[in-house]
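Chains A and B, in that order, give the protein sequences.
Be aware that the first sequence starts at 159, since it is given in our numbering, and climbs by one per residue.
Be aware that the second sequence starts at 4, since it is given in our numbering, and climbs by one per residue.
Using N, Cα and C, we set each Cβ at its ideal position, and we do this for glycine too.
In this text, all values refer to a predicted model and were calculated from it rather than measured experimentally.
Notes for the one structure printed next.
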Amino acid sequence: MRVSLSALAITSVSLWAASAVAGDPTGQEILVKADTQLNAFKDGTFESKLVMKQSDGSAREYGFTTFQKNPDKRLVRFTSPGDVKGMGVLIENAETMYVYLPGFQRIRRMGTHIRNQTFMGSDFGFDDMATLSFASAFNAKLVGQTAEQYELELMPKIKEIEYGKLKLWVNKDHFTMAKVEYYDTNGTKMKTQIRDQYKQDSPEHWQPGRVAITDHRRNDHTSEILFLSSKLNTNLSDDLFSQRSLIRGN
Amino acid sequence: MNLSRTVLLSLFFGLGWSGVARADVDLKFGGSISSDIRFRLGGGEVVPASTPAPYPSQYRLLKNGFSRNENIIKTQLTLRAGEKVKAVADVDFYWYGYSDVNDIDMATLREKIDPYRIDAYSAYLDVYNLLPHLDLRIGRQVVVWGTADKFNPTNNLNSLDYSDALLFGRALGNQMIRLDYNPWKDLILTAVWVPIFRPAQLPRTAPYALTQIDRPAPVQEQGARDTLNSLAQIVQPTQVNVFAMQPDPSIENSQVGFRIASRLLKQDVSLSYYHGRFGIPTPAFTVNKPDRTVDVAVMWPKMDVIGVDIAGSIAKLRGLGYWVEAAVFFPQEVRYGLYNDQTNGVRTPITFMFDNMGGSQLKMGYPEGTRATVIPSTPFAKVTAGFDMTWNKYLYTNFQYVYGFIDEFGAGVQARPGAKMGDNPRTEARLGSYFVVGADLKFFSDALLIRFFGAFKIPHIEDEGKPFTAVLFPQIAWTVWDATELSAGAFVFLGDRSTKFGDPAAGATEVFVKAKFTY
Chain A
159 MRVSLSALAI
169 TSVSLWAASA
179 VAGDPTGQEI
189 LVKADTQLNA
199 FKDGTFESKL
209 VMKQSDGSAR
219 EYGFTTFQKN
229 PDKRLVRFTS
239 PGDVKGMGVL
249 IENAETMYVY
259 LPGFQRIRRM
269 GTHIRNQTFM
279 GSDFGFDDMA
289 TLSFASAFNA
299 KLVGQTAEQY
309 ELELMPKIKE
319 IEYGKLKLWV
329 NKDHFTMAKV
339 EYYDTNGTKM
349 KTQIRDQYKQ
359 DSPEHWQPGR
369 VAITDHRRND
379 HTSEILFLSS
389 KLNTNLSDDL
399 FSQRSLIRGN
Chain B
4 MNLSRTVLLS
14 LFFGLGWSGV
24 ARADVDLKFG
34 GSISSDIRFR
44 LGGGEVVPAS
54 TPAPYPSQYR
64 LLKNGFSRNE
74 NIIKTQLTLR
84 AGEKVKAVAD
94 VDFYWYGYSD
104 VNDIDMATLR
114 EKIDPYRIDA
124 YSAYLDVYNL
134 LPHLDLRIGR
144 QVVVWGTADK
154 FNPTNNLNSL
164 DYSDALLFGR
174 ALGNQMIRLD
184 YNPWKDLILT
194 AVWVPIFRPA
204 QLPRTAPYAL
214 TQIDRPAPVQ
224 EQGARDTLNS
234 LAQIVQPTQV
244 NVFAMQPDPS
254 IENSQVGFRI
264 ASRLLKQDVS
274 LSYYHGRFGI
284 PTPAFTVNKP
294 DRTVDVAVMW
304 PKMDVIGVDI
314 AGSIAKLRGL
324 GYWVEAAVFF
334 PQEVRYGLYN
344 DQTNGVRTPI
354 TFMFDNMGGS
364 QLKMGYPEGT
374 RATVIPSTPF
384 AKVTAGFDMT
394 WNKYLYTNFQ
404 YVYGFIDEFG
414 AGVQARPGAK
424 MGDNPRTEAR
434 LGSYFVVGAD
444 LKFFSDALLI
454 RFFGAFKIPH
464 IEDEGKPFTA
474 VLFPQIAWTV
484 WDATELSAGA
494 FVFLGDRSTK
504 FGDPAAGATE
514 VFVKAKFTY
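Here you go:
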């Protein structure tokens, strides 16, 4: 489920107007603000590296470039290592996804069941990678705060969410997300996501330099995505997010 | 401007680069190095063709022996000149890993001591937005149509490579001109022209289908088949030679395809048309020689194919992916030309007088009667329908129903050899039905893959005997490090000699170990 940026902005403005009267913002207001910051660009190009840490201390790495056009469109092209180089994934919306397999020179429509996969075998689930709006999927309650961060508790409001609840820490300075803890319906912590090393890449947007996720069900196995560069608001064409573009490859 | 790469390319290619050097040329190089060792178990022996030497070369398939010992270097070079032009070369170098030496002269030839081959899978040039929304791809390429997995009845522009059972028919590159026009959203119109037909690559075991003398005659009419089988038993040919009648490189023999694809109610749909030929040859003529040898000629039948496919995802079934792909084939009729050559040089046609009761009488000489039918002109359909599901991060499953396997062509029936040498042949529908199932189990961050794949033939009511036949393909693959994979497994043919997969012409059970590094 997705909400448009304009809808988020309108909601955000109206909720902030209310909070100015009431004092501390509510959990939902903070969540909307965090969502707005997360998506504060029309389009973006991100060079990234997925690092999967192994038990022997070594790490496997995947390089990829993500083109994103809010609210829904994404094109991911893998650049390394060799066995995935040239592979592409096109997400037109939540229901329509394609994979380009260069070895077969063909595009394959994927059922949305691939959300059940992890991202390249890492600790990132599909929803960890694709969630662009928390406020549309969760009800938030402010449960604590420090001088730097708000602590929210998020309860799912749509049945498609696999988690029982989330805990979210939001930095107060720019409403960037700092940490997410994922719990199952029994209250057991499943995963922890850390977002840090933020850099401002547009007047409205702060981009984390690192997103790390630890799966507590796998002996705290950790994967992280390092964002090497980002370019925002370059007017990416809709044609880029098409099957025709996907088959052109890197 | 990427100056260093441009300079390097200029040095590499020597000349003719000045026109491109003005653009921002981006060079990408990739590929893989792999090793593939296989051992076959209980197969039919295949000796090298036309090799009368008393000492056999290693170019043969033993009943139990190594069937593959290949090393492969795959290289892919991609050049981009700005956003407008891309050139791709995808070439595989194969070293067979055995010697093909029959005499002392051959022992002096490096290509016999260490045989190799080069496969150019792709070598094409892309021009994007040649006209607004129009892309051109010209050169050696593979055009894949259809939404099903591997079994694509609408996918006929490239003939398939059947030489490796593990690939289930990989498409062979061919020279083509392809235009893609994307005027609006998801609407894509594609036109392809293939000037010269390229036949399918057959497996080493394929000659079995024609050269074993107890093989039933490949004709539809029961009476004609019985008569020809009786004659073969009487004459007992000493040798069967198979010749091919390739299509001329004429404009009439070029292939064309058109496709329109779009999205309807969130589902991907397409409609296609193909005019060309089926990649696997079919027997068309037989000449019985006075010395009791037999010459058989094969040809590649023409066909027109209208295809349709649909694919999508069903949200209410946990995002189940599904696809349905169907094609109606309008084949060229192939009649069986049969002749007897006499010692005086006179060639006599052998035809039949068919009656309405299904009986037939042999007619020798002129005027000719009716030739028996190999491929009737009756249109026929091939269908693949399937679904897949990722259950969790460990398990992926795939199920397909296939009507008409990748190598099956034509309506009617086909006669198969007896279960054992000397047994009576049996008939079954030429187009079979199959369940194809697959499952991937992944562990350790996808580093360990356990894969099972199987194709099981479903007998039709009209099939005689209905013996069981299937292929099983279990394998285990371990990504020991980035882009480095070790794998082992087996490709198991089940069934007796009279069945599709038990027929020695289809191949034999193999076990394999592979290693691959991709760069």
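Helix, strand or coil: how does DSSP classify residue i here?
i	result
A:K389	strand
B:Y211	helix
B:R530	Outside the displayed range of chain B (4 to 522) lies residue 530 of chain B, so it cannot be described from this structure.
A:N344	coil
A:N329	strand
B:G33	strand
B:D410	coil
A:R266	strand
A:D214	coil
A:M245	coil
B:A509	coil
A:E362	coil
A:Q401	helix
A:E311	strand
A:D281	coil
At least one CB of chain A closer than 7 Å to the CB of residue i: is that the case?
i	result
B:V147	yes
B:S265	no
B:K396	yes
B:S448	yes
B:R321	yes
B:A491	no
B:Y406	no
B:A486	yes
B:N401	no
B:A56	Bear in mind that a pLDDT of 49 at B:A56, under 50, signals an unreliable position, so the number given afterwards is only what the model happens to contain. Chain A, which has no Cβ nearer than 7 Å to the Cβ of B:A56, makes this no.
B:Y522	yes
B:D271	yes
With 7 Å set as the bound, which would you pick, yes or no: does the beta-carbon of residue i sit closer than that to a beta-carbon of chain B?
i	result
A:M245	no
A:R264	yes
A:R375	no
A:I272	yes
A:T276	yes
A:R218	yes
A:D230	no
A:G215	no
A:M159	For A:M159, the predicted model reports a pLDDT of 36, less than 50, meaning its position is unreliable and no value from the coordinates is stated.
A:R235	no
A:P239	yes
A:S177	Bear in mind that a pLDDT of 41 at A:S177, under 50, signals an unreliable position, so the model cannot answer this.
A:G322	no
A:R402	yes
A:I261	At residue 261 of chain A the sequence reads Gly, which differs from the Ile that was named. Not one chain B Cβ lies under 7 Å of A:G261.
A:G269	yes
A:G202	no
A:M348	no
Taking residue i and residue j to be in contact with their CB atoms under 8 Å, please state how far apart those CB atoms are, rounded to whole angstroms.
i	j	result
B:R500	B:G468	At roughly 12 Å, the Cβ-Cβ gap does not stay under 8 Å, so B:R500 and B:G468 are not in contact.
A:F225	A:L233	4 Å
B:D307	B:F288	Contact doesn't hold; Cβ gap of about 24 Å is too wide.
A:L189	A:A293	5 Å
Looking at the strands, I want to know which residues DSSP matches up with residue i.
i	result
B:W123	Residue identity differs from the one stated: residue 123 of chain B is Ala in this sequence, not Trp. The partner list for B:A123 (beta bridge, DSSP) reads B:V94.
B:M392	B:T400
B:L274	B:I263 and B:V311
B:G421	According to DSSP, B:G421 bridges with nothing at all.
B:H463	The partner list for B:H463 (beta bridge, DSSP) is empty, contrary to what the question assumes.
A:Y256	A:L248 and A:R267
B:G324	B:S316 and B:D391
Comparing the CB of residue i with every heavy atom of the ligand GTP, is any distance shorter than 6 Å?
i	result
A:M313	The ligand GTP is not among the ligands present in this structure, which contains no ligands whatsoever.
task = Determine, using beta-carbon pairs with one atom in the segment 115-122 of chain B and one in the segment 91-100 of chain B, whether at least three such pairs fall under 8 Å.
result = Contact between the segment 115-122 of chain B and the segment 91-100 of chain B is present, because at least three Cβ pairs lie under 8 Å.
inquiry  = Count Cβ pairs between the segment 214-221 of chain B and the segment 155-165 of chain B that sit closer than 8 Å; are there 3 or more?
reply    = Contact between the segment 214-221 of chain B and the segment 155-165 of chain B is absent, because fewer than three Cβ pairs lie under 8 Å.
task = Decide yes or no for the touch test of the segment 463-479 of chain B against the segment 150-161 of chain B: beta carbon pairs closer than 8 Å, at least 3 of them.
result = With a cut-off of 8 Å, the segment 150-161 of chain B and the segment 463-479 of chain B do not count as touching, because too few Cβ pairs lie within range.
ask   = How about the segment 408-416 of chain B and the segment 491-499 of chain B: do they share at least three Cβ pairs that are nearer than 8 Å?
value = By the Cβ test, the segment 408-416 of chain B is not in contact with the segment 491-499 of chain B, since fewer than three Cβ pairs between them sit closer than 8 Å.
query = Any chance the segment 253-264 of chain B sits against the segment 316-331 of chain B, with 3 or more Cβ pairs inside 8 Å?
reply = In short, these stretches do not touch, since the Cβ pair count stays below three.
query = If you pair each beta-carbon of the segment 75-82 of chain B with each one of the segment 222-229 of chain B, do three or more pairs fall below 8 Å?
reply = By the C-beta criterion, the segment 75-82 of chain B is judged not to be in contact with the segment 222-229 of chain B, since fewer than 3 inter-stretch pairs fall below 8 Å.
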